[in-house]
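Order-wise, the sequence lines are chains B and P.
Residue 1 is where the first sequence starts when you use my numbering, and the numbers rise one by one after that.
Residue 1 is where the second sequence starts when you use my numbering, and the numbers rise one by one after that.
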Amino acid sequence: MQFDFTPFLLSFKLASIVSIILFLIALPLAWWLSQSKSKFKPILEALSAMPIVLPPTVLGFYVLYALSQNSPLGAFVENYLGVKLVFNFYGLVIASCLYSFPFMLQPLQNGFESLPKSIIEASYLCGKSSFQTLLKVALPNIKPSLMTAIVITFAHTVGEFGVVLMVGGSIPGETKVASIAIYEFVEMLDYKSAHIYSAIMVAISFIVLLLVYIFNYKQKNIGFLR
Amino acid sequence: MIDIDVQKWLKGSNGRMELDINLSIKEGSFVSILGKSGSGKTTFLRILAGLEGARGSIHVEDKFWLDKKHSIHPRCRSVGFVFQDYALFPNMSVKENLLFANKDEKLACKLLKLTELEQLKDTLPTTLSGGQQQRVSICRALMRKPKILLLDEPLSALDMLMREKLQGEILELHKTFKTTTIMVSHSPNEIYKMSDFVALIEDGKVKKYGSPKEILLKTSGSQKFSFRGRILDIYKADVLSVAVIAIDNQIVEVVLDSNEEKILKVGDSVRVSTKAFSPVVTKVC
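Have a look at this one:
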């Protein structure tokens, strides 16, 4: 049997793109939330945590609806940019970004909130702006949270199933990621392939998490965490 | 002159209280702030630095840091602040901490030399002792040559020897840079030694403002000695009653007469004073 790596490559491509996009979006928001005393903060926090509690099918259904040709957004993008957003890779990226958002946001926000308030204030008193403080003081001192946020987002995107199936379907080489490939093997009673794919997923997940824990353990010993 | 007139409502341990501080401070002077915990001392410093909002005005050298319409952001205020927990950046070495405030290599080297930190300039702050961290924090606060240096109980976490050494260093730096300095402190000894003026704050208001002599020396009349203390124990020795009284870090025994014995009990806050004595002062090695 020839082993097909395409679903894995697709999973990792999707996860990498989603992690990068989410990092860029979640970082400023996490920083703002950690420093803000705004009345709107709880609302934003609740909204951003929704994907954790919602069934993936609900999220998938809404995303499918919003991106399809029948919705204003989907129609706009298709008419003006000539791009379809559902049942292709773009749709997967958008859906995954929504689904994995809290996994990037929350560790970053928790990391920022755990920093002593005084070192942020000290940075302002050193004449630095909020942006410089984020880059030079806050980020370098939350390395474990940073690592956790990126890795968990990546791993969570690799592991997602429901949303991907709803929005992307199962088009080989386009939207058929590893988790969906396994589902199809089981449906076709091809247990051997399902075993191989599943074992690879288990191994990858374990190694990734192990690396995170080892990294965080070392950081703690250096004394970055108090 | 630095004119400060600020108000802010605070939630204290005894309910709401209004911080209302009106002070004029001569440029280049060393002012200490004395008061019980919860009296608003730290909040006052934070308002000066712009870390907390308040009503009123702060006027420093022709510039309003705070008035009815505007409050200047802390980064534009030209304030050096030494936090109680030092607040050093853990990801930067000692020298990088200083240069982060101002990229002036010469000044950084000068300050590190003055505080005997040259050898440690490439070390990360987490590996330093409390006294060393405090010095780095003071140096960093001076890097931007601030108009006002604010010290929030800078020496309270250090032992006696380190305290005395750092008191000397802070004074030395104050004289070298002639920065107007405002320091919160609990120690009368420290305040007397270091400051030109003392503000006594009670319940958010300035109760007294004057020279350390006027504020701190509580003697009156013919009393030569007068100390505040607390009675730890009263016991009978033959016919006499003896009180054990804690005065600052020392414990003394004082014989009570029958009247005093009736009034006083363990736990009382007392003043111990002597009249018309000529005390003997002997040098201790």
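Glycine included, every Cβ here is placed at the ideal spot set by N, Cα and C.
- Assignment of beta-bridge partners to Phe64 (chain P) by DSSP yields P:His59.
- DSSP, reduced to helix, strand and coil, places Tyr86 (chain P) outside both helices and strands of the structure shown, so it counts as coil.
- Bounds of any alpha helix (DSSP H) do not take in Gln69 (chain B), whose DSSP letter is neither H nor E.
- Using a Cβ-Cβ cut-off of 7 Å, Arg75 (chain P) counts as an interface residue toward chain B, since at least one Cβ of chain B sits closer than that to its own.
- CA-CA distance, Leu67 (chain B) to Gly50 (chain P), rounds to 47 Å.
- Contact between the segment 50-59 of chain B and the segment 194-208 of chain B is absent: fewer than three C-beta pairs spanning the two stretches fall below 8 Å.
- Taken through DSSP and simplified to helix, strand or coil, Leu240 (chain P) comes out as strand.
- Where Leu256 (chain P) is concerned, the enclosing beta strand (DSSP E) starts and stops at Gln250 to Leu256.
- For the 7 Å CB-CB criterion, Ala138 (chain B) and Pro107 (chain B) do not form a contact.
- Using a CB distance below 7 Å, the part of the segment 84-96 of chain P facing chain B consists of Asp85, Ala87, Phe89, Pro90 and Asn91, ordered along the chain.
- The way I'd put it, the segment 13-26 of chain B doesn't touch the segment 121-136 of chain B; fewer than three beta-carbon pairs between them come closer than 8 Å.
- The secondary-structure analysis by DSSP pairs Ala246 (chain P) across a beta bridge with P:Arg230 and P:Ile251.
- At least one C-beta of chain P is nearer than 7 Å to the C-beta of Ala122 (chain B).
- Per DSSP, the beta-bridge partners of Thr180 (chain P) are P:Ile148.
- Within the model, the alpha-carbon separation for Phe225 (chain P) versus Asp5 (chain P) is close to 37 Å.
- Burial is judged here by how many other beta carbons sit within 10 angstroms of a residue's own beta carbon; Leu73 (chain B) has fewer than 16 and is exposed.
- At least one CB atom of chain P sits nearer than 7 Å to the CB of Pro140 (chain B).
- With contacts defined by Cβ atoms closer than 7 Å, Leu105 (chain B) and Ala26 (chain B) form a contacting pair.
- Pairing Glu96 (chain P) with Tyr86 (chain P), the inter-Cα distance amounts to about 15 Å.
- Within the segment 104-132 of chain B, those residues whose Cβ lies closer than 8 Å to any Cβ of chain P are, in chain order, Pro116, Ser118, Ile119, Glu121, Ala122, Ser123, Tyr124, Leu125, Cys126, Gly127, Lys128 and Ser129.
- A check of alpha carbon separations from Asp20 (chain P) across P:Thr43, P:Val31, P:Ser29 and P:Ser195 identifies P:Thr43 as the nearest.
- Residues of chain B with a Cβ closer than 9 Å to the Cβ of Phe197 (chain P) do not exist; the shortest Cβ-Cβ separation is about 24 Å.
- For Lys145 (chain P), the closest of P:Ser71, P:Asn14 and P:Lys110 by C-alpha to C-alpha distance is P:Lys110.
- With 16 or more neighbouring CB atoms inside 10 Å of its own CB, Ala54 (chain P) falls in the buried class.
- In terms of Cβ geometry, Ser78 (chain P) and Lys147 (chain P) form a close pair [threshold 7 Å].
- With a cutoff of 7 Å on beta-carbon distance, Val163 (chain B) and Gly60 (chain B) are scored as near each other.
- In this model, Leu9 (chain B) and Lys103 (chain P) are separated by some 47 Å (Cα to Cα).
- For the pair Val94 (chain P) and Thr123 (chain P), the CB atoms are nearer than the 7 Å cut-off.
- For Phe197 (chain P) and Ile215 (chain P), the gap between their C-alpha atoms comes out near 9 Å.
- Between the segment 166-175 of chain P and the segment 134-144 of chain P, the count of Cβ pairs shorter than 8 Å is three or higher; the stretches touch.
- Looking only at P:Ser29, P:Val270, P:Asn259 and P:Gly80, the smallest Cα-Cα distance to Val252 (chain P) is reached by P:Val270.
- Contact holds between the segment 95-103 of chain B and the segment 152-169 of chain B, because three or more Cβ pairs, one in each stretch, are under 8 Å apart.
- Taking CB atoms only, Val158 (chain B) has no neighbour in chain P less than 7 Å away.
- Using a Cβ-Cβ distance cut-off of 8 Å, the segment 76-85 of chain B and the segment 110-119 of chain B are not in contact, since fewer than three pairs of beta carbons, one from each stretch, lie closer than that value.
- For Leu149 (chain P), no Cβ of chain B is located within less than 7 Å of the residue's own Cβ.
- In chain B, no part has a C-beta under 7 Å from the C-beta of Ala108 (chain P); the shortest such distance is about 13 Å.
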